[in-house]
Each structure stands twice: as structure tokens, then as C-alpha cells.
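Everything on this sheet refers to the single structure shown next.
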């Protein structure tokens, strides 16, 4: 029964009764106590560990909406606009022109032995390059024999080279589908828009079954990214869990040195509502220290930047047709009712405000049939919720996870194109959500945007777009509110706040170890705070050696 | 080898997609069907048709199969294409809110597959209620609008007058759209999925729904302008489905007509010629169809 007491420059606890302390004691992977050395010495013999004496400890950061696929994507070539860190800690420079993207792909191709193997780039972001269109001629400069694909950051466009086009059976003139733009020669330019076109073509450029499914290597890489960003618990928001996949998750997370607790949610696809709820409920007992099971993720609509989110009147700013339902309202109702009955928590992806409204109304009717005073059904993204919707959510006992990173990555796009200035400034309305009493967290949706709760907190605090505008200054929240959101807030939405989210007696010894104090730096500089690593369940993980 | 035809079956929840699929499986007239459903859920296939289950696949009597595709339709289609023996027709049951034309677009991009028909089902009892639901209205309208053939299901559950009202409403909203009323999914496979004008591997039994349909096989000793024939049959309001081989000026062609749409496939091998047309008895005009055929004959050349 060994006790270790860590001294720190500061321990930020998220416990309102003692927000900041100097020491934290750990025993058996749990927090024995937080306070002064004198307070903690009362627990008996201890070993004082000063390795964090100049660091700041926070509750381990919790990512409430990400995908372990972020770990798998690094098997492919990053060609995005922004600098981005890979699992090895290498920061890949953002690429500012098509030529730079071509050059990086060339380099990757030259390292490949098999000349027929597809090469896939990801994260390409032409909206920052004055919307320049990449063409197959550009990618043919990488290779005209190897199939090459470039997936855009929005996830809604795929560029392929001539070889890729040929393999997809599209190398012919006269295609009339609006998602397949044609060049002056009448042949497709190589740009493929919308999922129904990307998916069949994608299999020829590396987006095959293996690309889409989780594997041990991806989980390992994802965990390394977690350590680098101070994350000790992460959702994996949407896995088609079956017995084999659960077994894989159990094995990987069960290894003694696995540094994160993963919370994979069972996505609604592929199972009827009845099976979905029954199977997910049956998974609860297979939870372990580092694998939390038994939650459902439902996808209600598409995305705003893809114009597939379901919008209420008056719809999209540019006049685009309303988006798509990904679940029938009656099926959503059946899932909610069955899940409430079985005590299974449901998180629902709603991007547009019409999808949010449907979820709220469905919640209300379902609760009448199966009252539950602590269900914490959570709306994920919920980007366009109005004050009235937040009010209703609070009264119904719902939680929210807002997509704060969107302000930075797509804020300018939302302002100009998707929802227009008025709604852009109240998107992801963190201030309103908190003011109305909705338990709230904020997220990256990695790999859609990079994993990094400190950055996400910065985005919610500053609401700066990529072009530098503050969009919606009244919806900014304080640094402390944002730090609460990425710790205790996230724990609350996943019903894990009794275990994690604050540095308090009895909770798991999960800490984010920071090089400087987020509560004293200028709010603008929050995102630049270096992460030393983490402590997870009392085990120490240094980013530099992970 | 000719491309494998794929039909998409769409329509909101409760429209009768499962019932229709079971009927087609039960009365497959020798066609080997591969059915792709979103999820197995409450088992989509009647128990007495199932021969075995396992590995995410249900084997069904008559060489048919059913599997669930979840979120990987493309992968599931590839699996079906690799089956031996190859199925004759793939049916994709779209989810209740899916846009069937998007699925057909994906299918059209896969080598070896040919998007054949979009059949959208509308429940005669529920469709107007669903179409006025503010969450669903635009989705249902898009689904119905994408149909090659609209199947008005559960026609027996509503009074004749109500059925007429629904039909009139559909005809007004979607002018020119082929509308087939059906009961308990009873529609011959030749009317739903098409069939070649040759003896079926298995004869049609009773209860198939054949009684409400007329069919006609067109044969000619002349060469046929396949484009002219296809367009004219697609235009004829009484023809729901037509399919068959004709000899053209340049070789052989396979004509497919589904509702208002037709396509022509050039074929290399020789086939017996003949085109079978099928439609509802009360709208099917044999003489008119025969005349259409004659105008497409290339007698003077």
C-alpha cells in the first residue's frame, strides 16, 4: 500500500472547495487526497516525488467526442493547411499550395516499394487557398501509374489522379452527375464530391475496408496522441462494436502500459433499435479499468459544411437545399424509449437546428413513457442550438457537447456561406448553454480537427476564426469555464464524473501535466501551453518518450 | 458477362419494403436474388424461406441470399459480386430516410453493376400523413420523386375512394410517374424487377399477383432501332417494365425499360431476340404496344 505524494507548481483541482492546491497523494492508482503536504502526511508513510515540482497538474483532460481513427490516418499522408502533430510527436508543416501538397505526396510515393499500391493524402483544405481546385493533372505529377487520392479536410470531397479515375471507371467523357465536375476536355477533373460518389471511388485509392475499421495499431497511435495532448480518457464516438471488436479493444487497452481509458460508443448503424439497446446494455459488464462500454451513439443528420445538416427555416445562407436525415424520426424515438427503459445512455449527433429540435421533442415524449431523472442524454455538435433549445434541454435533463473547434477551422466559411453572419456568431453557443444550465463539454471530433482539449478550450474562450476575427464575442466563456468543460464537464456528459474529471479524494489518479499555468497565461495564449504528458491511473506517461 | 442489375427499394418506415422483398423471394420464378438490408433487426426474411444463417449471411431457398450492410454498402456489394453462382439481381433495401437515387449513384460507379430500377413504396394509409409531417415532408417528396415505379402498398387496407384520392394526389404531385397499387407485396417479379422473355427456371405459382398484370412478348424478324423502341416503351403509360434482346443495325442490344426510363446495353454474345412488356391490366394496351414496336423496326434499311 504505497503512497506517493507529488508536489507541483500548482494543482488545479476543479473541486470548488479547494480550487488550487500544492500537492496530490496517489495510492493504488487513485487519488488519496489533494491539499498541502501537511494535510496529506496524515494518511501515513509516503514517498515525496518532486518530478512535477515545476509543472502544473490538472485533472486528466477528457475528449468527449473524437474517433480513434485519428490514430489510423497517420498511415496516410497529411496534406492539410495547418501544422499538425503525428503520434510520434513530429509536427508536419501545413501546406499552403497545391504544389506543396504534390511535393509531399511525391516524397511519400518515392518511399513506397510497390508501384501499384494506392497513395492517399488527407486533410487538404483549398478553402484557405482561395478555393483553388485540385485536378487530376496535379496529382498525375505525383504519379500517373499509381492510384492517388486526396481527401479534403471537410470530408466531403476526394480528388483522384487519372489512374484513380480510370480504376473507378470514370475516365470517360460526358458524365452528368453534379458531383463529378468535368474539365474542358469533357472528362472528369478528378474532383469527386458527395459521399455516394466518394465511397465507391475511394476504395481504389486506399479508402478500403481496412481504412474504415479500427485496428490495434490505430488504437496505439491514438493513445500516443492522447498523451501528447494531456488526454487520459477519450470517447471513441461511433464504433460498430461487435464481439470481435470489443475483444480487440479489451486486449489493446488491457495492456499494462496502455495510457488512456477509451469509451467506445456503439453506433446505431447495422442494428435494429431493439438489438442496438440490448447489445449495448450487455456490453456494460465487459467494461474494464481502461475500457468503458455501454453507451450508444446515434447520428441524426449530416454536417453543416457539407450542407447535409438538417436546418430549420430559413435554411442555408447560400440557399442550398435542406440536408439529410440519417435516421428516421420513428427509429430515433424507438431507440430513446428502449434505451431509457434499459438505462442505457444515448449521445445523438445533431448538427443542424432541425435535428436538434427533433432530438429534444423525441426526448420529451420518450421521457413521458419512461421517466428517468438522470439519463444525461447528450447532443453532440448541436452547433446551431438556440437559447430556447438549450433552455428546453436543461429542463429535460440533457447535456451538450459543442464543437468549439469549428469557430477556428470553419468559422469564416459559416459566416460567408453556410449559415450567414447572424447565426455564425451564435454557433456553438457555450455561454448560452452554461447560462441556461445545460451540463456542457467541448470537442475536437478528431480527426475532423486535431485532438487537443487545450486548443479546444482556447477556441471556446476566444472564438477566433482562422482569418483572425472574433466571431460571437458574447458567446465566449472564461478560461476556467473552458477548463471545466474539458475535464469535469466531459465526465458529466459520459456519466463518469464519480470516477474522473477532478482531482478529488477517491477519483482515479488521472492528471494532465502542463509546462505552464493555463489560469495565468493570457487567454489568447492558452493554446500554446506545452503538455509534458499525463498520469493515468497513477501511471506516468511522458510525451517525449511515448 | 453482362453487368449485374441492382434495384433499390426505398420508402419510409412501414411502407412495406420487407413484405415486398419477402414476396419476391418467395415467388422468384427462378431468379437468384441477393438482398441487402441495413440491418437484420427483427428478421427481415420469413422464417420458412431461410435455409441457413451464418457469417452475416442468410441463405434462402432458390439460391437467394440476404445480408446486412450496416455502414459498408460498397464492401457488401463487392462480396455479392464475388459469390458463386452469381446472383441474377441485387435488391438493396434503403433505410426509411435514405434517398434511393444516391444509392443508385454509388451502384452506378461500381464496375460490373448496373443500377436497374428505383422502386419507392408508399403506404396508401400513411403516405399523406407522413408527407405532411414537417420533419419528413421534403425527404418523402424527394424519395417519391426519385422513383422509377411507385408502389402504392396496403391498397387493400383503404376504401376504394381513399385509394383513388391517394392515387390522384400522387399523380398530381408526380405527373407521369408509374403508380402500381399492390396488396401484401403481391407483384410478379417480372413487373417489379423485370424478366427476360424466356421460360423461367421456376414457374410462377399462384398468389404471385400475375393476375392483375398483362404481358406481351414482342418479336421481329427485322432489325430494331433500340433507341427508338426504348424511348417509346418508356413513354407508354401502360408499360411498367420491358426487357429483352433485339437485333440492331450494329449487333445485339439488351433493352431495359423501367417506368419512364430506359437504357440500352450492347451485348457481344448472340441471344434469342424478344422483348417482354408488362403492365397493369387496366392500362395495358396490346395494340398500342404492338404499333410502337413496329415503328421501331428498320424495314427500309
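Chains as they are written, first to last, in the UniProt record's numbering: chain D, 1 to 546; chain B, 1 to 301.
Beta carbons are placed, not taken as given, at the ideal position from N, Cα and C, and that holds for glycine.
Predicted, not measured: the structure shown is a model, and the values here were computed from it.
### Task
Check whether the Cβ atoms of residue 552(D) and residue 452(D) sit closer than 8 Å, and answer yes or no.
Any answer about residue 552(D) is impossible in this case: the structure gives chain D only from 1 up to 546.
### Query
To the nearest whole angstrom, what separates the beta carbons of residue 442(D) and residue 456(D), a pair I think is in contact under 8 Å?
As a first step, residue 442(D) is located in the first chain; it is residue number 442 there, counting from the start. As a first step, residue 456(D) is located in the first chain; it is residue number 456 there, counting from the start. Going by Cβ atoms, the distance from residue 442(D) to residue 456(D) rounds to 5 Å, so yes, they are a contact pair.
### Message
Distance cutoff 8 Å, beta carbons only. Does residue 70(B) sit that close to anything in chain D?
### Response
Against the second chain, residue 70(B) aligns to sequence position 70. Answer yes: the Cβ-Cβ gap between residue 70(B) and chain D drops below 8 Å somewhere.
### Task
Just grab the DSSP bridge partners of residue 159(D) for me.
One-based indexing of the first chain puts residue 159(D) at position 159. BP columns for residue 159(D) point to 150(D) and 191(D).
### Message
Tell me which residue opens and which closes the beta strand (DSSP E) that residue 31(D) is part of.
### Response
Against the first chain, residue 31(D) aligns to sequence position 31. First-last of the beta strand (DSSP E) with residue 31(D): 30-35.
### Query
Is residue 90(B) buried or exposed, if buried means 16 or more other CB atoms sit within 10 Å of its CB?
Here residue 90(B) corresponds to residue number 90 of the second chain, with the count starting at 1. So residue 90(B) ends up on the buried side.
### Message
Spatial neighbours of residue 472(D) within its chain, please: C-beta separation below 8 Å, excluding the five flanking residues on both sides.
### Response
Position 472 of the first chain holds residue 472(D). Only 407, 424, 425, 426, 427, 429 and 463 meet the Cβ criterion.
### Message
Please report the straight-line C-alpha distance between residue 218(D) and residue 70(D), rounded to a whole angstrom.
### Response
The residue given as residue 218(D) occupies position 218 in the first chain. The residue given as residue 70(D) occupies position 70 in the first chain. Approximately 8 Å between the Cα atoms of the pair.
### Task
Could you tell me whether the stretch 85-95 of chain D touches the stretch 223-238 of chain D, where touching means 3 or more Cβ pairs closer than 8 Å?
yes
### Query
Quick one: complete alpha helix (DSSP H) runs, 4+ long, within the UniProt domain "CobW C-terminal" (213-297) of chain B?
226-235 and 286-295
### Task
Would you check whether the ligand MN has a heavy atom nearer than 7 Å to the C-beta of residue 120(D)?
This structure simply doesn't include the ligand MN, nor any ligand for that matter.
### Message
Residues in the same chain with beta-carbon distance under 6 Å from residue 399(D), minus the five sequence neighbours each way, listed in chain order, please.
### Response
Indexing the first chain from 1 puts residue 399(D) at position 399. Correct list, in chain order: 376, 378, 439 and 493.
### Query
Taking the alpha-carbon positions, what's the residue 158(D) to residue 413(D) distance?
Locating residue 158(D) in the first chain gives position 158, counting from the first residue. Locating residue 413(D) in the first chain gives position 413, counting from the first residue. Answer to the nearest angstrom: the Cα atoms are 19 Å apart.
### Message
Quick check on the DSSP output: the beta strand (DSSP E) that includes residue 313(D) runs from which residue to which?
### Response
For the purposes of this step, residue 313(D) is taken as residue 313 along the first chain, with counting starting at 1. Careful: residue 313(D) lies outside any beta strand (DSSP E) and carries neither H nor E.
### Task
Give me the Cα-Cα distance between residue 109(B) and residue 120(D), rounded to the nearest whole angstrom.
For the purposes of this step, residue 109(B) is taken as the residue at position 109 of the second chain. For the purposes of this step, residue 120(D) is taken as the residue at position 120 of the first chain. The alpha-carbon atoms of residue 109(B) and residue 120(D) are separated by roughly 20 Å.
### Task
Using the DSSP secondary-structure output, state which residues sit across from residue 181(B) in a beta bridge.
Position 181 of the second chain, counting from 1, holds the residue named residue 181(B). BP columns for residue 181(B) point to 152(B).
### Task
Within the same chain, show all residues whose beta-carbon is closer than 6 Å to that of residue 135(D), passing over the 5 residues directly before and after it, in chain order.
Taking the first residue of the first chain as position 1, residue 135(D) is located at position 135. Same-chain partners within the cutoff: 189 and 190.
### Message
With the cut-off set at 8 Å, would you say residue 122(B) and residue 150(B) are in Cβ contact?
### Response
Within the second chain, residue 122(B) is the residue found at index 122, counting from 1. Within the second chain, residue 150(B) is the residue found at index 150, counting from 1. Yes, they are a contact pair.
### Query
Per DSSP, residue 297(D) is paired with what?
As a working note, residue 297(D) is residue 297 in the first chain. For residue 297(D), which the question treats as bridged, DSSP gives the partners 267(D) and 347(D).
### Task
Would you mind reading off the limits of the alpha helix (DSSP H) that contains residue 491(D)?
Residue mapping note: residue 491(D) aligns to position 491 of the first chain, counting from 1. Taken as a continuous stretch (DSSP letters only), the alpha helix (DSSP H) holding residue 491(D) covers 490-493.
### Query
Ends of the alpha helix (DSSP H) at residue 74(B)?
Counted from its first residue, the second chain places residue 74(B) at position 74. Segment 73-81, the alpha helix (DSSP H) holding residue 74(B).
### chain C residues whose Cβ lies nearer than 7 Å to that of residue 105(B)
In the structure shown, chain C cannot be found, because the protein chains are D and B.
### Query
Quick one: Cα of residue 81(D) to Cα of residue 95(D), how far?
One-based indexing of the first chain puts residue 81(D) at position 81. One-based indexing of the first chain puts residue 95(D) at position 95. Taking the straight line from one Cα to the other gives about 5 Å.
#### Entry: Burial state of residue 307(D) (16 or more Cβ within 10 Å)
Residue 307(D) sits at position 307 when you count from the first residue of the first chain. Answer is buried; the Cβ neighbour count reaches 16.
### Query
Considering only C-alpha positions, which residue in the set 369(D), 361(D) and 433(D) is nearest to residue 394(D)?
As a first step, residue 394(D) is located in the first chain; it is residue number 394 there, counting from the start. Selected option, being the one with the closest Cα: 433(D).
### Message
If I measure Cβ to Cβ from residue 249(B) and keep anything under 6 Å in the same chain, skipping five residues before and after, which residues do I get?
### Response
Sequence index remark: in the second chain, residue 249(B) carries index 249 (1-based). Around residue 249(B): 223.
### Query
Can you tell me whether DSSP reads residue 97(B) as helix, strand or coil?
Here residue 97(B) refers to the residue found at position 97 when the second chain is read from its first residue. Looking at residue 97(B) - three-state DSSP - the assignment turns out to be coil, as it is neither helix nor strand.
### Query
Is the CB of residue 97(B) under 8 Å away from at least one CB in chain D?
Within the second chain, numbered from 1, the residue matching residue 97(B) stands at position 97. Closer than 8 Å: yes.
### Message
Taking 8 Å as the threshold (C-beta atoms), are residue 503(D) and residue 59(D) in contact?
### Response
If you number the first chain from 1, residue 59(D) lands on position 59. If you number the first chain from 1, residue 503(D) lands on position 503. Cβ distance < 8 Å, so residue 59(D) and residue 503(D) count as in contact.
### Query
Under three-state DSSP, which class holds residue 51(B)?
Locating residue 51(B) in the second chain gives position 51, where the first residue counts as 1. Looking at residue 51(B) - three-state DSSP - the assignment turns out to be strand.
### Where the alpha helix (DSSP H) through residue 538(D) begins and ends
Counted from its first residue, the first chain places residue 538(D) at position 538. No alpha helix (DSSP H) holds residue 538(D); DSSP gives it neither H nor E.
### Query
Could you give the residue range of the beta strand (DSSP E) that holds residue 58(D)?
Position 58 of the first chain, counted from the start, is the residue given in the question as residue 58(D). Run containing residue 58(D): 56-59, per the beta strand (DSSP E) assignment.
### Query
If you scan the stretch 100-173 of chain B from start to end, which runs of the beta strand (DSSP E) of 3 or more residues do you find wholly inside it?
113-123 and 149-153
### Message
My assumption, with CB atoms under 8 Å, is that residue 276(B) sits in contact with residue 232(B). Please give the rounded CB distance.
### Response
On the second chain, residue 276(B) is found 276 positions in, with the first residue counted as 1. On the second chain, residue 232(B) is found 232 positions in, with the first residue counted as 1. The Cβ separation is near 15 Å, so there is no contact.
### Neighbour list for residue 322(D) in chain B, Cβ cutoff strictly below 7 Å
The residue labelled residue 322(D) in the question sits at position 322 within the first chain. Result: 138.
### Task
With 9 Å as the limit, tell me which residues of the stretch 308-336 of chain D have their beta carbon closer than that to any beta carbon of chain B; keep them in chain order.
310, 321, 322, 324, 325, 326, 327, 328, 329, 330 and 331
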